[in-house]
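*Asks:* One structure, as structure tokens, below. Some questions next.
Residue numbers (our numbering), protein chains in the order written: chain A, 2 to 704; chain B, 4 to 210.
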């Protein structure tokens, strides 16, 4: 590539045909028009959404607050909220894609309305987004917000690094969104096996978008994992020993450890595939000594532990929910901790079950099959522990409990089909059919998504200071639950009937009834998301009736409930001293929950830093340049990365002081609110009488 | 040294540094965790290399390409640089003069750059013999593993320069001290990785 060539093509390989409506105008066949309208509509939504956002920010003069209060903030709570906002936006897109796919298959007898390429892009983006840009940011956001408060810390260990991780994830998400407007996305599925994704079979920009989006997100997650693990090991309040940590923090620790060890294989796989595509290397090509099985192994060496990165935090959330809404300490805390750790370790020993049919000998398959089945044991322990936690508890059927109970019932079904698939002989029969699709959605939706939604409802009052609307929440929960059942149970049948996954069309009329049911289920899931947004809207409108400033709306058990809602930026005016498990419950029972200390001290907090948004912008520019071969942009962005890190090295004065007087004033304000608040019994939990002060148990009877 | 004053594995600043020694704990622990993650990265690339040994596709193999003399010199240079960085760390810990600290760091930098120069020369040599990465799966894997280490050393050199700049600007303050201590870990880590490369790639390749 000579210098002159760079100036001849300043926009790399971007051409008019990269726009989504181009083909439809050039070759206006019926199929092209339908597919063109759908892609153009999607691109239109992205562009209009961005423009409206920019206009609103300008109209209400929010650019400066956005920059100084949010984007550059090192506060773990704000970073957590921003992660979850990304997750919800991406959830909306990936869910629309899911409905579109189900619609295609419902009408797919002998054709349907989508082109095979368009359908392939849909399942590739759906999977990529749901894993990397919905579930990962969602759980990272929840951990970010909750975990430091549960261990009685003021922030994570490396707040600016936290902001950089967010920036990298945001850049990856932006890249996936931009692929709707310019060019196309990969058609190789979320795990993009070569040689199909090699340059000889996929010469377009699709796999490049996928590679760089995953690389950005993966790097962000590696740094997040390091940050979380160090925080949990080093920042715990006095007395918070490991075996006193709330179970959610335990699952956060295990997830962080898995992130540290499981993300590097993904980075390596993506880098090698990129070298194949950009520089003609031969890692995974058919010819010249390439070995595509190396990719398969590397990817699943990441991909299987990733499954547990996703599910463990949800297990943690459900543990908190069961315990809190049953008014009981968690049953079998020690066994739950051990089960979580066991799952984290076993997660590294089963990756091969993702490709039983790809040529290993039977003994290897048997070993990995047995290892896979072993995971059922610690998971079973957990299910029993949760049920025993509810046993003879004072159970309240709030929205998080709806999700939690549906989770137990549905997740066990998903787990059982997982045990079926862990048997290589059965896997040979149903692999690559929609039976598998049904199985992993059966663990991913009731497990991961329901857990995160339960966490969203559970901690929302803590984050924003008011409760979410219960009625709309229950409507939404039921839509998610029954929508899931409608959309995925028919796929088990279809899978056994032999429908291959990712089929754009089929010729068997007997598939149609099941496809119709699945489509209706998908529509119900779409409705679930809409009702979730309605709930948010309604709750914001009625926020003044549902305020819980005192901060403990659910009679919570761990330290995040021991502050006002929303909490001050330093979390705790005085770092709490922990004397046992369920630290806040113990404090409430002993009457030490709302005490005022004699003295306050100055609190040191990290200064705002532009590193997060700067790295996000540079990361996006670098990836976009690489996708489109805009080499000058790549070189500039690469130099900018190095420069920004060196400049950050020269930064001093990275901390600021919150004065003791200010801490005293804010704490006094909260203590006064506690003093004037009326404590409520659990019967009034969902009424506006609940201002966040819980009536305490007398003689072991929960009021 | 009493057990109390050891905050983290490896060389600690010690009580003489007071508050700086306390500040080191979380930062150094975090960097150890990062190195674990980086070690996995290298582990995966090693695995790729070992599984690609037979993928020469009729092209040149280890015996045709590797030059043990040059690699041996590189090894000595890198080992020597680890020693000189150790001397820099001791100068930091025992508060020797700033000149001595800077002196050892500059010597380390020179050795690191010399290592990189030899390595680049080796690669050029291999290219001249037809050993380009696009020739075969084996060569692709080679040019993943060895240059990845080289890139790490390059990053270390840039970091070292940046730290020298920080010393010039701020003196040996807390942040500079912690930077030097982390770079020291990084540097020794790369030394260990190189020993693995020397054994697995070069020695095993030529026997």
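Note that CB positions come from ideal geometry on N, CA and C, so glycine has one too.
When burial is assigned at 16 or more other CB atoms within 10 Å of the CB, is residue 431 (chain A) buried or exposed?
*Replies:* Locating residue 431 (chain A) in the first chain gives position 430, where the first residue counts as 1. Residue 431 (chain A) comes out buried.
*Asks:* Going along chain B in order, which residues have a C-beta closer than 7 Å to the C-beta of residue 295 (chain A)?
*Replies:* By one-based count along the first chain, residue 295 (chain A) stands at place 294. Under a criterion of Cβ atoms nearer than 7 Å, the residues of chain B adjacent to residue 295 (chain A) are, in order, 51 and 54.
*Asks:* With distances taken Cα to Cα, identify the nearest neighbour of residue 197 (chain A) among A:136, A:248 and A:121.
*Replies:* On the first chain, position 196 is the one that residue 197 (chain A) refers to. The option with the nearest alpha carbon to residue 197 (chain A) is A:121.
*Asks:* According to a CB-to-CB cut-off of less than 9 Å, which residues of the segment 266 to 279 of chain A neighbour chain B?
*Replies:* Here the close residues are 266, 268, 269, 270, 272, 273, 276 and 277.
*Asks:* Determine the burial state of residue 589 (chain A): buried for a count of at least 16 other Cβ atoms within 10 Å of its Cβ, exposed for fewer.
*Replies:* Along the first chain, one-based indexing puts residue 589 (chain A) at 588. It is buried - the Cβ of residue 589 (chain A) has at least 16 other Cβ atoms within 10 Å.
*Asks:* Could you list which residues in chain A have their beta carbon closer than 8 Å to that of residue 182 (chain B), in chain order?
*Replies:* Walking along the second chain from the start, residue 182 (chain B) turns up at place 179. Under the 8 Å cutoff, chain A gives 650.
*Asks:* Interface residues of chain A around residue 101 (chain B) at Cβ under 8 Å?
*Replies:* On the second chain, position 98 is the one that residue 101 (chain B) refers to. Those within 8 Å of residue 101 (chain B) in chain A number zero; the least Cβ separation is about 18 Å.
*Asks:* Compute the Euclidean distance between the alpha carbons of residue 685 (chain A) and residue 346 (chain A), then round it to the nearest angstrom.
*Replies:* Residue numbering aside, residue 685 (chain A) sits at position 684 when the first chain is read from its first letter. Residue numbering aside, residue 346 (chain A) sits at position 345 when the first chain is read from its first letter. For residue 685 (chain A) and residue 346 (chain A), the distance between alpha carbons rounds to 43 Å.
*Asks:* Would you mind reading off the limits of the beta strand (DSSP E) that contains residue 604 (chain A)?
*Replies:* What you label residue 604 (chain A) is simply residue 603 of the first chain in a count that begins at 1. Its beta strand (DSSP E) spans residues 604 to 607.
*Asks:* Between the segment 400 to 409 of chain A and the segment 359 to 372 of chain A, are three or more C-beta pairs nearer than 8 Å?
*Replies:* They do not touch, by the three-pair rule.
*Asks:* Within the continuous alpha helix (DSSP H) that includes residue 384 (chain A), where are the two ends?
*Replies:* Against the first chain, residue 384 (chain A) aligns to sequence position 383. Bounds of the alpha helix (DSSP H) holding residue 384 (chain A) are 377 to 391.
*Asks:* Which value, in whole angstroms, describes the spacing of the CA atoms of residue 116 (chain A) and residue 500 (chain A)?
*Replies:* Mapped onto the first chain, residue 116 (chain A) falls at position 115. Mapped onto the first chain, residue 500 (chain A) falls at position 499. Whole-angstrom Cα-Cα distance: 18 Å.
*Asks:* Apply the 10 Å Cβ neighbour rule to residue 452 (chain A) and answer buried if 16 or more other Cβ atoms are within range, or exposed otherwise.
*Replies:* As a first step, residue 452 (chain A) is located in the first chain; it is residue number 451 there, counting from the start. Under this definition residue 452 (chain A) is a buried residue.
*Asks:* Would you mind working out which of A:232, A:249, A:104 and A:670 sits nearest residue 506 (chain A), comparing C-alpha positions?
*Replies:* Counting from 1 along the first chain, the entry for residue 506 (chain A) is found at position 505. The alpha carbon of residue 506 (chain A) has as its nearest neighbour, out of A:232, A:249, A:104 and A:670, the alpha carbon of A:104.
*Asks:* Please compile the residues from chain B whose C-beta is within a distance smaller than 7 Å of the C-beta of residue 261 (chain A).
*Replies:* For the purposes of this step, residue 261 (chain A) is taken as residue 260 along the first chain, with counting starting at 1. Those within 7 Å of residue 261 (chain A) in chain B are 36, 39 and 40.
*Asks:* Classify residue 97 (chain B): buried if its beta carbon has 16 or more other beta carbons within 10 angstroms, exposed otherwise.
*Replies:* In the second chain, the residue the question calls residue 97 (chain B) occupies position 94. By the neighbour-count rule (16 or more Cβ atoms within 10 Å), residue 97 (chain B) is not buried but exposed.
*Asks:* Per DSSP, what kind of secondary structure is residue 659 (chain A) in: helix, strand or coil?
*Replies:* Here residue 659 (chain A) is taken as the residue at index 658 of the first chain, counted from 1. Residue 659 (chain A): strand per DSSP, three-state reduction.
*Asks:* The segment 300 to 322 of chain A: which residues have C-beta closer than 9 Å to a C-beta of chain B, in chain order?
*Replies:* 302
*Asks:* Drop a sphere of 10 angstroms on the beta-carbon of residue 185 (chain A), count the other beta-carbons inside from all chains shown, and report buried for 16 or more, exposed for fewer.
*Replies:* Counting from one through the first chain, the residue named residue 185 (chain A) turns up at place 184. Residue environment for residue 185 (chain A): buried (at least 16 other C-beta atoms within 10 angstroms of its C-beta).
*Asks:* Report the rounded CA-to-CA distance for residue 536 (chain A) versus residue 472 (chain A), giving the unit in angstroms.
*Replies:* For the purposes of this step, residue 536 (chain A) is identified with residue 535 of the first chain, where counting begins at 1. For the purposes of this step, residue 472 (chain A) is identified with residue 471 of the first chain, where counting begins at 1. When rounded, the distance between both Cα atoms is 8 Å.
*Asks:* Using the Cα positions of residue 643 (chain A) and residue 113 (chain B), report the straight-line distance between them to the nearest angstrom.
*Replies:* Taking the first residue of the first chain as position 1, residue 643 (chain A) is located at position 642. Taking the first residue of the second chain as position 1, residue 113 (chain B) is located at position 110. Their backbone Cα atoms lie some 21 Å apart in a straight line.
*Asks:* Are any of the Cβ atoms in chain B nearer than 8 Å to that of residue 329 (chain A)?
*Replies:* As a position in the first chain, residue 329 (chain A) is number 328, starting the count at 1. By this cut-off, residue 329 (chain A) is not an interface position.
*Asks:* When you compare the CB of residue 178 (chain B) with every CB in chain A, is at least one pair closer than 8 Å?
*Replies:* Position 175 of the second chain, counted from the first residue, corresponds to residue 178 (chain B). Closer than 8 Å: yes.
*Asks:* Please state the DSSP three-state secondary structure of residue 110 (chain A).
*Replies:* Numbered from its first residue, the first chain carries residue 110 (chain A) at position 109. Three-state DSSP puts residue 110 (chain A) in a strand.
*Asks:* Taking Cβ to Cβ, would you say residue 151 (chain A) is nearer than 8 Å to residue 561 (chain A)?
*Replies:* Here the question's residue 151 (chain A) lines up with position 150 in the first chain. Here the question's residue 561 (chain A) lines up with position 560 in the first chain. For residue 151 (chain A) and residue 561 (chain A), yes; Cβs fall inside 8 Å.
*Asks:* Which whole runs of the alpha helix (DSSP H) in the segment 142 to 177 of chain B are 4 residues long or more, in chain order?
*Replies:* none
*Asks:* Using C-beta distances below 6 Å, list every residue in its chain close to residue 303 (chain A), excluding the 5 sequence neighbours before and after it, in chain order.
*Replies:* Indexing the first chain from 1 puts residue 303 (chain A) at position 302. These residues qualify, in order along the chain: 263, 266 and 267.
*Asks:* Pair every Cβ in the segment 413 to 423 of chain A with every Cβ in the segment 267 to 284 of chain A, then say whether three or more of these pairs are closer than 8 Å.
*Replies:* no
*Asks:* Near residue 293 (chain A), what residues of its chain come up, given a Cβ to Cβ distance below 6 Å and the 5 sequence neighbours on each side ignored?
*Replies:* The residue labelled residue 293 (chain A) in the question sits at position 292 within the first chain. The residues are 195, 196 and 285.
*Asks:* Could you tell me whether any Cβ in chain B is nearer than 8 Å to the Cβ of residue 635 (chain A)?
*Replies:* By 1-based counting over the first chain, the position of residue 635 (chain A) is 634. Not closer than 8 Å to any Cβ of chain B, the Cβ of residue 635 (chain A) fails to qualify, so no.
*Asks:* Run through DSSP, which three-state label would residue 69 (chain B) get?
*Replies:* For the purposes of this step, residue 69 (chain B) is taken as the residue at position 66 of the second chain. Correct three-state label for residue 69 (chain B): coil.
*Asks:* Out of A:645, A:649, A:461 and A:579, which one is the CA nearest neighbour of residue 242 (chain A)?
*Replies:* Mapped onto the first chain, residue 242 (chain A) falls at position 241. For residue 242 (chain A), the nearest C-alpha among the options comes from A:579.
*Asks:* Output, in sequence order along the chain, the residues in the segment 145 to 175 of chain A whose CB is closer than 9 Å to any CB in chain B.
*Replies:* When C-beta distances to chain B are compared with 9 Å, the residues of the segment 145 to 175 of chain A below that value are 158, 159 and 162, in chain order.
*Asks:* Give me whichever residues DSSP pairs with residue 507 (chain A) in a beta bridge.
*Replies:* To locate residue 507 (chain A), count along the first chain from 1; it is residue 506. Residue 507 (chain A) pairs with A:110.
*Asks:* Taking only beta-carbon positions, decide if residue 289 (chain A) is within less than 8 Å of chain B.
*Replies:* Counting from 1 along the first chain, the entry for residue 289 (chain A) is found at position 288. Chain B contact via Cβ: present.
*Asks:* In whole angstroms, what separates the C-alpha of residue 171 (chain B) from that of residue 79 (chain A)?
*Replies:* By 1-based counting over the second chain, the position of residue 171 (chain B) is 168. By 1-based counting over the first chain, the position of residue 79 (chain A) is 78. The straight-line gap from Cα to Cα measures roughly 36 Å.
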